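Per my numbering, the very first residue in the sequence shown carries number 6; after that it's consecutive.
Structure record follows, encoded as structure tokens.
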Amino acid sequence: MLAGAGLFVGGVAVTAGTRRVMQPESKEVQGLNPRTDAWYDLRLSGDGLMDNQLLWFLGHATHGQSDVGDVLETARRIQPGDEKSWFESWVKTATRVHQHATAAEAKGHRVTAGQAYARAANYYRAATMHYTNREDPALMEVTRAAASTFEKSNGLLGFDIQPMDIPYEGSSLPAYFVRSPYAKASAPVILLHQGLHAWPEETKWVWEGARRRGYHVLFFHGPGQGRALREKHLSFRPDWEKAVSPVVDAAERISGVDPRRILLMGLSFGGALAPRAVAFEQRVALCIANPGVLSWWEQHTEHFNRFLPGALSLLKSHPEAFDEAIQGLASRWPTADYWLKDVYWKHGARSPSELFRKLEEFTNEAIVERIRCPVLIMDGEAEDVSPGQSQKLYDALRGPKHLMTFTQAEAAPLHCQAASAALAEERLFDWLDENV
Numbered sequence: 006m007l008a009g010a011g012l013f014v015g016g017v018a019v020t021a022g023t024r025r026v027m028q029p030e031s032k033e034v035q036g037l038n039p040r041t042d043a044w045y046d047l048r049l050s051g052d053g054l055m056d057n058q059l060l061w062f063l064g065h066a067t068h069g070q071s072d073v074g075d076v077l078e079t080a081r082r083i084q085p086g087d088e089k090s091w092f093e094s095w096v097k098t099a100t101r102v103h104q105h106a107t108a109a110e111a112k113g114h115r116v117t118a119g120q121a122y123a124r125a126a127n128y129y130r131a132a133t134m135h136y137t138n139r140e141d142p143a144l145m146e147v148t149r150a151a152a153s154t155f156e157k158s159n160g161l162l163g164f165d166i167q168p169m170d171i172p173y174e175g176s177s178l179p180a181y182f183v184r185s186p187y188a189k190a191s192a193p194v195i196l197l198h199q200g201l202h203a204w205p206e207e208t209k210w211v212w213e214g215a216r217r218r219g220y221h222v223l224f225f226h227g228p229g230q231g232r233a234l235r236e237k238h239l240s241f242r243p244d245w246e247k248a249v250s251p252v253v254d255a256a257e258r259i260s261g262v263d264p265r266r267i268l269l270m271g272l273s274f275g276g277a278l279a280p281r282a283v284a285f286e287q288r289v290a291l292c293i294a295n296p297g298v299l300s301w302w303e304q305h306t307e308h309f310n311r312f313l314p315g316a317l318s319l320l321k322s323h324p325e326a327f328d329e330a331i332q333g334l335a336s337r338w339p340t341a342d343y344w345l346k347d348v349y350w351k352h353g354a355r356s357p358s359e360l361f362r363k364l365e366e367f368t369n370e371a372i373v374e375r376i377r378c379p380v381l382i383m384d385g386e387a388e389d390v391s392p393g394q395s396q397k398l399y400d401a402l403r404g405p406k407h408l409m410t411f412t413q414a415e416a417a418p419l420h421c422q423a424a425s426a427a428l429a430e431e432r433l434f435d436w437l438d439e440n441v
């Protein structure tokens, strides 16, 4: 925190600022945004950020990747602000459902087993979302279980989904190719990646929606994401085209893929990464940003100016004081502590000042005019991760563009259309069918 002419006050001021965002008189752990009476602010676990993530997995019931009862029962066991509790609660649910799937498979009930394995795989992925203890061997066990259970589910349900390892700078990117049985001899392919937290496997409304409509999908874990982070120890990079180009190379070699209709879709943080990639990777015919982000760095500055007004001015002039301010906030607020450990890991940083210097590089302002392919931007009226960024990206684009807005009236206003996957699938693919 800063006071007056910009002098760092220290622990007392940090504590005061934390009180304002945490409201310690409440038993709940405040999330990144104040509580509201909106339908989507469900108060499932007593932790604002965890509740937001729980809603994400509730929404997966639409496509058979969760059961409402499983999610609500898991939420009841989670202790607010406790990462270990989150992890163990989800693993317990995943294990139970996995055992049900195994029993059904042993009796020859292939469809039942396949469906249950699909839910179990998603619950394993859920366990990893809010857990940053990379020294815990159970984290790798759960990561591997998520992948193997997903693959087992696909085989039992008859989905033609092939695991891939895409060569990448002396390592590889875990990926899956989803072949549509309804595709023409030469069909478009969607290259799909997620953002900071989710895995592309759980974005089934995209890959299953594409499969049913004759689009192939190649979804991948980029540096800093999912299995690429946990298995390959790869960190995020601002020049995202270096991650996308090897995926384009792989897509062009797959039979049935039309190399003239390679689409790239990024969700959440991916809505900043994908536009950056297409500014340099000219083989992509269409970019889908959900939501669109002109500057990921700017959205960080706006959030932190709310919590620690003026602290960012210390980043270059007094990095030690900046570190103290951020660490002080994290020591008193579980949400900030989780966020800091999470992004340290994913960006390969060891201090707040090093992390924020890395985040400064994640902006598309200097390169947006290089984007020539059409860009579809999907945005919600209640977007809270990067509010206003979709419009800024849309305004800055010089080529063909379309802004698709999801509204409160449609019950679909949230970040990445959380809990509204059916509508998101319908509107996205109706637009693609008309424009690709």
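Backbone N, C-alpha and C define an ideal beta-carbon position, used for all residues, glycine too.
No experiment lies behind these values; they were computed from the predicted model shown.
Subject >> Which of helix, strand or coil DSSP assigns to I2 >> reply: Since the first residue shown for the chain is 6 and the last is 441, residue 2 is missing from the structure and cannot be characterised.
**OP:** Would you kindly work out how many angstroms separate the C-alpha atoms of L268 and H198, rounded to a whole number?
**Re:** Translated into the one-based positions of the sequence shown, residue 268 becomes position 263. Translated into the one-based positions of the sequence shown, residue 198 becomes position 193. So the two alpha carbons sit approximately 11 angstroms from each other.
Subject >> In DSSP terms, what K406 is bridged to >> reply: As a first step, residue 406 must be located in the sequence shown, where it is residue number 401. DSSP, once it has assigned bridges, lists V380 as partnering K406.
Subject >> According to DSSP, residues forming a beta bridge with R223 >> reply: To locate residue 223, count along the sequence shown from 1; it is residue 218. For clarity, residue 223 is Leu in the given sequence; the question names Arg instead. In the DSSP secondary-structure assignment, L223 is bridged to F182, L196.
Subject >> Option in R216, E207, M383 with minimal Cα separation from F164 >> reply: Taking the first residue of the sequence shown as position 1, residue 164 is located at position 159. Ranking the options by Cα distance to F164, first place goes to R216.
**OP:** Determine the DSSP secondary structure at N38, reduced to helix, strand or coil.
**Re:** For the purposes of this step, residue 38 is taken as residue 33 along the sequence shown, with counting starting at 1. Here N38 sits in coil by DSSP.
Original post:
Taking the continuous beta strand (DSSP E) assigned at R266, which residues delimit it?
Top reply: Here residue 266 corresponds to residue number 261 of the sequence shown, with the count starting at 1. Residues 262-272.
Original post:
Nearest to A125 by alpha carbon, out of E140, A111, V147?
Top reply: Counting from 1 along the sequence shown, the entry for residue 125 is found at position 120. That would be V147, whose Cα lies nearest to the Cα of A125.
**OP:** Give me whichever residues DSSP pairs with N295 in a beta bridge.
**Re:** What you label residue 295 is simply residue 290 of the sequence shown in a count that begins at 1. Per DSSP, L272.
**OP:** Quick one: using the 10 Å Cβ neighbour count with 16 as the cut-off for buried, is M383 buried or exposed?
**Re:** Position 378 of the sequence shown, counted from the start, is the residue given in the question as residue 383. Buried, since its Cβ has 16 or more Cβ neighbours within 10 Å.
Subject >> Three-way DSSP call (helix, strand, coil) for F411 in this model >> reply: Within the sequence shown, numbered from 1, the residue matching residue 411 stands at position 406. Correct three-state label for F411: strand.
**OP:** Can you tell me which of T117, E206, Q230, K189 puts its alpha carbon nearest to the alpha carbon of H221?
**Re:** In the sequence shown, residue 221 corresponds to position 216, counting from 1. Looking only at T117, E206, Q230, K189, the smallest Cα-Cα distance to H221 is reached by K189.
Subject >> T137 in three-state terms, based on DSSP >> reply: As a first step, residue 137 is located in the sequence shown; it is residue number 132 there, counting from the start. Coil, per DSSP.
Original post:
When DSSP builds the beta bridges, which residues end up paired with I259?
Top reply: Counting from 1 along the sequence shown, the entry for residue 259 is found at position 254. Residue pairing by DSSP leaves I259 without any beta bridge partner.
Subject >> Residues near A66 by beta carbon distance below 7 angstroms, same chain, minus five either side >> reply: To locate residue 66, count along the sequence shown from 1; it is residue 61. Excluding residues within five positions, the ones whose Cβ falls inside 7 angstroms are D72, V73.
**OP:** Starting from D87, follow its DSSP beta bridges and name the residues at the other end.
**Re:** Start at 1 with the first residue of the sequence shown, and residue 87 comes out as number 82. None, per the DSSP bridge assignment.
Original post:
By Cβ distance below 8 angstroms, which residues in the same chain neighbour A143 in space, the five residues on each side in sequence not counted?
Top reply: The count along the sequence shown starts at 1 and reaches residue 143 at position 138. Around A143: F92, V96.
Subject >> Buried/exposed call for R403, threshold 16 Cβ in 10 Å >> reply: As a first step, residue 403 is located in the sequence shown; it is residue number 398 there, counting from the start. So R403 ends up on the exposed side.
Original post:
Which residue's Cα is closest to the Cα of S358: A330, C378, D342, I372?
Top reply: Numbered from its first residue, the sequence shown carries residue 358 at position 353. Minimum Cα distance to S358 is reached at A330.
**OP:** Could you say if the segment 107-121 and the segment 56-63 meet the contact criterion of at least three C-beta pairs nearer than 8 angstroms?
**Re:** Because the criterion of three Cβ pairs below 8 angstroms is not met, the segment 107-121 and the segment 56-63 do not touch.
Original post:
In terms of alpha-carbon separation, which member of R281, H420, Q70, L239 lies closest to N159?
Top reply: Position 154 of the sequence shown, counted from the start, is the residue given in the question as residue 159. The shortest C-alpha separation from N159 is found at Q70.
Subject >> Neighbourhood of F155 by C-beta distance below 7 angstroms, restricted to the same chain and skipping five residues each side >> reply: As a working mapping, residue 155 is identified with position 150 in the sequence shown. A126, E206, listed in sequence order.
Original post:
For the alpha helix (DSSP H) that G333 lies in, which residues bound it at each end?
Top reply: In the sequence shown, counting from the first residue as 1, residue 333 sits at position 328. That run of the alpha helix (DSSP H) goes 324-337.
**OP:** Kindly indicate which residue of K351, F182, K321 has the alpha-carbon position closest to the one of E236.
**Re:** Counted from its first residue, the sequence shown places residue 236 at position 231. With distances taken between Cα atoms, E236 lies closest to K351.
Original post:
Is the segment 309-327 close to the segment 399-415, with three or more CB pairs under 8 angstroms?
Top reply: no
Original post:
Cα-Cα, which of L428, L364, V380 is closest to A414?
Top reply: By 1-based counting over the sequence shown, the position of residue 414 is 409. Out of L428, L364, V380, L428 has the C-alpha closest to the C-alpha of A414.
Original post:
The alpha helix (DSSP H) spanning D438 covers which residue range?
Top reply: Reading the sequence shown from its first residue, position 433 is the one you call residue 438. D438 -> alpha helix (DSSP H) spans 426-440.
Original post:
What residues in its chain sit with their C-beta under 8 angstroms from that of L317, if we drop five residues either side in the sequence?
Top reply: For this step, residue 317 is matched to residue 312 along the sequence shown. Correct list, in chain order: T306, F309, N310, F327, F361.
**OP:** Let me know if D3 comes out buried or exposed under the rule of 16 or more other beta-carbons within 10 Å of its beta-carbon.
**Re:** Here the chain covers residues 6 to 441 and nothing more, so residue 3 does not appear.
Subject >> According to DSSP, residues forming a beta bridge with D52 >> reply: By one-based count along the sequence shown, residue 52 stands at place 47. Paired residues: V34.
**OP:** Identify, in the order they occur along the chain, each residue of the same chain with its Cβ nearer than 7 angstroms to the Cβ of H135, setting aside the five sequence neighbours on each side.
**Re:** Translated into positions along the sequence shown, residue 135 becomes position 130. Closer than 7 angstroms at Cβ, skipping near neighbours: M55, Q58, E88, W91, Y343.
Original post:
Among the residues of its own chain, which have a CB less than 7 angstroms from the CB of R139, if the five just before and after it don't count?
Top reply: Locating residue 139 in the sequence shown gives position 134, counting from the first residue. Answer for R139: W350, listed in chain order.
Subject >> Cβ neighbour criterion (16 or more within 10 Å) applied to R81 >> reply: Indexing the sequence shown from 1 puts residue 81 at position 76. When all chains shown are included, R81 counts as exposed.
Original post:
Looking at the unbroken alpha helix (DSSP H) that takes in Q396, where does it start and where does it end?
Top reply: Translated into the one-based positions of the sequence shown, residue 396 becomes position 391. Run containing Q396: 394-401, per the alpha helix (DSSP H) assignment.
Subject >> Proximity to P405 [Cα-Cα], best of E365, V373, G51 >> reply: Taking the first residue of the sequence shown as 1, we reach residue 405 at position 400. When only C-alpha atoms are compared, the closest one is V373.
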